[in-house]
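In my numbering, the protein residues as written are 3 to 245.
Read the structure below first, then the notes.
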Amino acid sequence: MSNGGDCTGIDGHPILETPHLDQLANQGVYSPRAYTPCPVCVAARMSIMTGRSPYRTGYFGNSSQPLTIEETLPRRLRDLGYQTQMIGKGHFSPQRNRLGFDNIIINESGRYREGDDFHRWLMKTPYARMERDTSIGNNDVFARRSVVPETHHVNTWTANECRDFIDRRDPTCPFFLWMSFSRPHSQYDPPAPYDSWYDLDDVPPALKAPSVEQPAGQHAGPVHVGPRRYDGRLWSVLQKPFL
Numbered sequence: 003m004s005n006g007g008d009c010t011g012i013d014g015h016p017i018l019e020t021p022h023l024d025q026l027a028n029q030g031v032y033s034p035r036a037y038t039p040c041p042v043c044v045a046a047r048m049s050i051m052t053g054r055s056p057y058r059t060g061y062f063g064n065s066s067q068p069l070t071i072e073e074t075l076p077r078r079l080r081d082l083g084y085q086t087q088m089i090g091k092g093h094f095s096p097q098r099n100r101l102g103f104d105n106i107i108i109n110e111s112g113r114y115r116e117g118d119d120f121h122r123w124l125m126k127t128p129y130a131r132m133e134r135d136t137s138i139g140n141n142d143v144f145a146r147r148s149v150v151p152e153t154h155h156v157n158t159w160t161a162n163e164c165r166d167f168i169d170r171r172d173p174t175c176p177f178f179l180w181m182s183f184s185r186p187h188s189q190y191d192p193p194a195p196y197d198s199w200y201d202l203d204d205v206p207p208a209l210k211a212p213s214v215e216q217p218a219g220q221h222a223g224p225v226h227v228g229p230r231r232y233d234g235r236l237w238s239v240l241q242k243p244f245l
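Written out as structure tokens, the structure is:
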């Protein structure tokens, strides 16, 4: 997610409600002192993928250069007999580069709709082409309610695809699922009722950068669908016994 490291209930945030993330942390692996090697998403993702620093991967920003390192986490796990699946936001280059995954199902946050699995799916629904327009780079200033309902929101789609993979996978083999939600991230477009989940008067003031002052509403946008709903939807599936 694009939240700060303290934006969960388990870390003691006074406002945010993240019961499913808290449950995952309590029953899974929780690393409160873990730090990203880079604050930019593509560079950080490539470091997770390879176990190497940005200096070694060559990624220092949101670069579109192909990854030249052959040894990746999903490729190593696949060689050990794991089923490997990536679902959600990848921003790999080229776009369909699997990097060792058996299969990838992608949504690219609205930036690159050509070949985007989410938008292909959305085009077959009554809400085709109804996603709102965005400003340059998808970085809208103000958070607004999604023009599509929760049932057709990108995070819902991602959660459903992950659930379907878990249900249809080979239960005799271990699996590795890279689950990447597009939100919270610009564009901030929580669907109802999550757009009104928090009282803006309770939201702490936004941090001020030297060049831009972002309104508090934008910072209220990230605390919407994923932590409240979709992680819980997948958590219920993960409670099933795995062979």
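Every residue gets a Cβ at the ideal spot worked out from N, C-alpha and C, and that includes glycine.
Here the structure is a predicted model, which is why all the values come from computation and not from measurement.
Inset, instruction - Report the partner residues of residue 90 according to the DSSP bridge assignment. - result: As a working note, residue 90 is residue 88 in the sequence shown. Answer is 108 and 182.
Inset, instruction - Answer yes or no: do residue 109 and residue 184 have a C-beta to C-beta separation smaller than 8 Å? - result: As a position in the sequence shown, residue 109 is number 107, starting the count at 1. As a position in the sequence shown, residue 184 is number 182, starting the count at 1. For residue 109 and residue 184, yes; Cβs fall inside 8 Å.
Inset, instruction - Kindly indicate which residue of 175, 188, 89 and 52 has the alpha-carbon position closest to the one of residue 82. - result: Looking up residue 82 in the sequence shown gives position 80. Answer by Cα proximity: 175.
Legend entry - Start-to-end residues for the alpha helix (DSSP H) that takes in residue 55: Position 53 of the sequence shown holds residue 55. Note, residue 55: premise wrong, no alpha helix (DSSP H); not H, not E.
Legend entry - Close-in-space but distant-in-sequence residues of the same chain around residue 56 (CB under 7 Å, 5 per side omitted): For the purposes of this step, residue 56 is taken as residue 54 along the sequence shown, with counting starting at 1. If we look at residue 56 and ignore the five residues flanking it on each side, its Cβ neighbours are 39, 40, 45, 49 and 62.
Inset, instruction - Name, in chain order, the residues that DSSP records as bridge partners for residue 85. - result: Indexing the sequence shown from 1 puts residue 85 at position 83. Bridge partners of residue 85: 177.
Inset, instruction - Take residue 197 and list the residues in its own chain whose beta-carbon comes closer than 6 Å to its own, dropping the five residues that flank it on each side. - result: On the sequence shown, residue 197 is found 195 positions in, with the first residue counted as 1. Closer than 6 Å at Cβ, skipping near neighbours: 147.
Inset, instruction - Helix, strand or coil for residue 103, going by three-state DSSP, please let me know. - result: On the sequence shown, residue 103 is found 101 positions in, with the first residue counted as 1. It is coil, neither helix nor strand.
Inset, instruction - Ignore the nearest five residues each way along the sequence and tell me which others in residue 10's own chain have a CB closer than 8 Å to its CB. - result: Residue mapping note: residue 10 aligns to position 8 of the sequence shown, counting from 1. So the list reads 18, 20, 23, 24, 27 and 229, once near-sequence residues are dropped.
Inset, instruction - Would you kindly check if the distance between the Cβ of residue 52 and the Cβ of residue 73 is under 8 Å? - result: Working through the sequence shown from its first residue, we reach residue 73 at position 71. Working through the sequence shown from its first residue, we reach residue 52 at position 50. Taking 8 Å as the Cβ cut-off, residue 73 and residue 52 qualify as a contacting pair.
Legend entry - Pairwise C-alpha distance: residue 95 and residue 69: Taking the first residue of the sequence shown as 1, we reach residue 69 at position 67. Taking the first residue of the sequence shown as 1, we reach residue 95 at position 93. Taking the straight line from one Cα to the other gives about 7 Å.
Legend entry - residue 6 burial status per 10 Å Cβ neighbour count (16 or more: buried): The residue labelled residue 6 in the question sits at position 4 within the sequence shown. Exposed is the call here.
Inset, instruction - Label residue 30 either buried or exposed according to how many other C-beta atoms from any shown protein chain fall within 10 Å of its C-beta, with 16 as the threshold for buried. - result: Sequence index remark: in the sequence shown, residue 30 carries index 28 (1-based). Flag for residue 30 reads exposed.
Legend entry - Simplified DSSP assignment, three categories, for residue 16: Position 14 of the sequence shown, counted from the start, is the residue given in the question as residue 16. In this structure, residue 16 counts as coil in the three-state DSSP scheme.
Inset, instruction - Flag this pair as yes or no: are the beta carbons of residue 172 and residue 67 separated by less than 8 Å? - result: Sequence index remark: in the sequence shown, residue 172 carries index 170 (1-based). Sequence index remark: in the sequence shown, residue 67 carries index 65 (1-based). Not in contact: residue 172 and residue 67 (Cβ atoms no closer than 8 Å).
Legend entry - Sequence-distant residues of its chain with Cβ nearer than 6 Å to residue 163 (five each side left out): As a first step, residue 163 must be located in the sequence shown, where it is residue number 161. Excluding positions up to five away in sequence, the list reads 89 and 107.
Inset, instruction - Under 8 Å by Cβ, that's how I've got residue 178 and residue 16 pegged, so tell me the actual separation to the nearest angstrom. - result: Counting from one through the sequence shown, the residue named residue 178 turns up at place 176. Counting from one through the sequence shown, the residue named residue 16 turns up at place 14. So it is not a contact: roughly 35 Å between Cβ atoms.
Inset, instruction - Please name the residue, chosen from 202, 123, 181 and 204, that lies closest to residue 91 on a Cα-to-Cα basis. - result: Translated into positions along the sequence shown, residue 91 becomes position 89. Per the Cα distances, 181.
Inset, instruction - Using 10 angstroms around the beta-carbon of residue 102, count the other beta-carbons present and answer buried if the total reaches 16, otherwise exposed. - result: Taking the sequence shown and counting its residues from 1, one reaches residue 102 at position 100. By the neighbour-count rule (16 or more Cβ atoms within 10 Å), residue 102 is buried.
Legend entry - Whole-number beta carbon distance between residue 132 and residue 150, since they are thought to touch under 8 Å: For the purposes of this step, residue 150 is taken as the residue at position 148 of the sequence shown. For the purposes of this step, residue 132 is taken as the residue at position 130 of the sequence shown. Contact holds; Cβ gap of about 6 Å.
Legend entry - residue 218 versus residue 203 - alpha carbon distance: Translated into the one-based positions of the sequence shown, residue 218 becomes position 216. Translated into the one-based positions of the sequence shown, residue 203 becomes position 201. Its pLDDT being 47, under 50, residue 218 is placed unreliably by the model, and nothing is read from it.
Legend entry - Contact check, residue 247 vs residue 93, beta carbons under 8 Å: Residue 247 lies beyond the stretch modelled for the chain, which goes from 3 to 245, so this question has no answer here.
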